[in-house]
Amino acid sequence: MRNLRVLLMVEIAIFGALGFVLDFIAFRMPQGGSVSLVMIPIVLMAFRRGILAGIATGFLVGLLQIVTGFISVAPLSFGFVVMQVFLDYLVAYSVVGLAGIVRGQYLQAVRTKQTGQIILMVALGVLIGSFLRYVTHVITGILFFGMFAEGNVFIYSALYNATYMIPVAIVAAIVCSLLFVTAPRLTQPESQ
Numbered sequence: 006m007r008n009l010r011v012l013l014m015v016e017i018a019i020f021g022a023l024g025f026v027l028d029f030i031a032f033r034m035p036q037g038g039s040v041s042l043v044m045i046p047i048v049l050m051a052f053r054r055g056i057l058a059g060i061a062t063g064f065l066v067g068l069l070q071i072v073t074g075f076i077s078v079a080p081l082s083f084g085f086v087v088m089q090v091f092l093d094y095l096v097a098y099s100v101v102g103l104a105g106i107v108r109g110q111y112l113q114a115v116r117t118k119q120t121g122q123i124i125l126m127v128a129l130g131v132l133i134g135s136f137l138r139y140v141t142h143v144i145t146g147i148l149f150f151g152m153f154a155e156g157n158v159f160i161y162s163a164l165y166n167a168t169y170m171i172p173v174a175i176v177a178a179i180v181c182s183l184l185f186v187t188a189p190r191l192t193q194p195e196s197q
């Protein structure tokens with residue numbers, strides 16, 4: 006039992022570090038934000054070990070970005086900056102781990118070798134995680150970056166964050182689907 010817990014912590018650390026590194030392989034959007042592969046290891050852990058492991062991996066990715074200084078902060082007072090960083094990094098990446106909500110249906114599709122169902126469950130999981138991350142970024146945009154809004158702050162934040170989150174979701178869904186279909190053992194720790 007103790008060895009399994011240690012193995013889980015090691016996997017979370019490895020996938021969290023991988024997510025942090027994959028965030029450097031990014032296309033920077035002209036207005037801000039970037040399209041990267043950061044969500045792939047988080048989704049992988051959510052499908053491999055479940056929701057809590059996915060959330061922990063996402064939290065670690067956000068924490069690594071904070072402690073290394075690879076963050077963007079609003080020009081606000083210290084208290085507001087702390088809240089903005091907490092939401093934009095720790096919460097936003099943690100909620101990606103909720104992609105594991107469909108893990109049971111995914112594993113069933115893997116057992117029955119239903120490729121279409123595998124792809125559907127992976128895409129649905131990525132969509133759930135991406136949407137929740139998007140909502141978190143929209144909220145921080147409204148609360149902390151509203152001074153940059155031209156017109157309605159909600160519409161501004163929703164459109165701004167959509168410009169990079171929609172491509173991120175599409176790329177993550179495609180890459181995860183290809184990866185999980187071609188190498189399903191990645192999501193099954195028992196087969197290792």
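Counted from 1, the sequence shown has number 186 at position 181 by my numbering; the numbering is strictly sequential.
Where is the CB? At the ideal position from N, CA and C, for every residue including glycine.
Give me the DSSP bridge partner(s) of residue i.
{"i": "Arg-33", "result": "Ser-39"}
Taking the alpha helix (DSSP H) that residue i falls in, what are its first and last residues?
{"i": "Gln-89", "result": "83-90"}
{"i": "Phe-52", "result": "44-54"}
{"i": "Ile-160", "result": "158-187"}
{"i": "Glu-16", "result": "7-27"}
{"i": "Ala-128", "result": "120-149"}
{"i": "Val-107", "result": "Segment: none, Val-107 is in no alpha helix (DSSP H) and carries neither H nor E."}
With burial defined as no fewer than 16 other Cβ atoms inside 10 Å of the residue's Cβ, what is the status of residue i: buried or exposed?
{"i": "Phe-83", "result": "exposed"}
{"i": "Arg-116", "result": "exposed"}
{"i": "Pro-46", "result": "buried"}
{"i": "Met-152", "result": "exposed"}
{"i": "Met-14", "result": "exposed"}
{"i": "Met-50", "result": "buried"}
{"i": "Leu-23", "result": "buried"}
{"i": "Arg-33", "result": "exposed"}
{"i": "Ala-18", "result": "exposed"}
{"i": "Gly-59", "result": "buried"}
{"i": "Ala-188", "result": "exposed"}
{"i": "Leu-183", "result": "exposed"}
Which same chain residues end up closer than 7 Å to residue i when comparing Cβ atoms and leaving out the 5 residues on each side of it in sequence?
{"i": "Ala-174", "result": "Val-131, Leu-132 and Ser-135"}
Less than 8 Å between C-beta atoms, sequence neighbours within five positions excluded: which residues of the same chain meet that for residue i?
{"i": "Asp-28", "result": "Ser-39, Ser-41, Leu-42, Val-43, Val-66, Gln-70 and Phe-75"}
{"i": "Arg-53", "result": "Glu-16, Leu-191, Thr-192, Gln-193 and Pro-194"}
{"i": "Asn-166", "result": "Gly-38, Tyr-139, His-142, Val-143 and Gly-146"}
{"i": "Glu-155", "result": "Tyr-161"}
Taking 7 Å as the cut-off, does the CB of residue i come closer than this to any heavy atom belonging to the ligand MG?
{"i": "Thr-168", "result": "Among the components of this structure there are no ligands whatsoever, and the ligand MG is therefore not found."}
Please work out which residues of its chain come closer than 6 Å, Cβ to Cβ, to residue i, disregarding the five sequence neighbours upstream and downstream, and give them in chain order.
{"i": "Gly-63", "result": "Ile-47, Tyr-98, Ser-99, Val-101 and Gly-102"}
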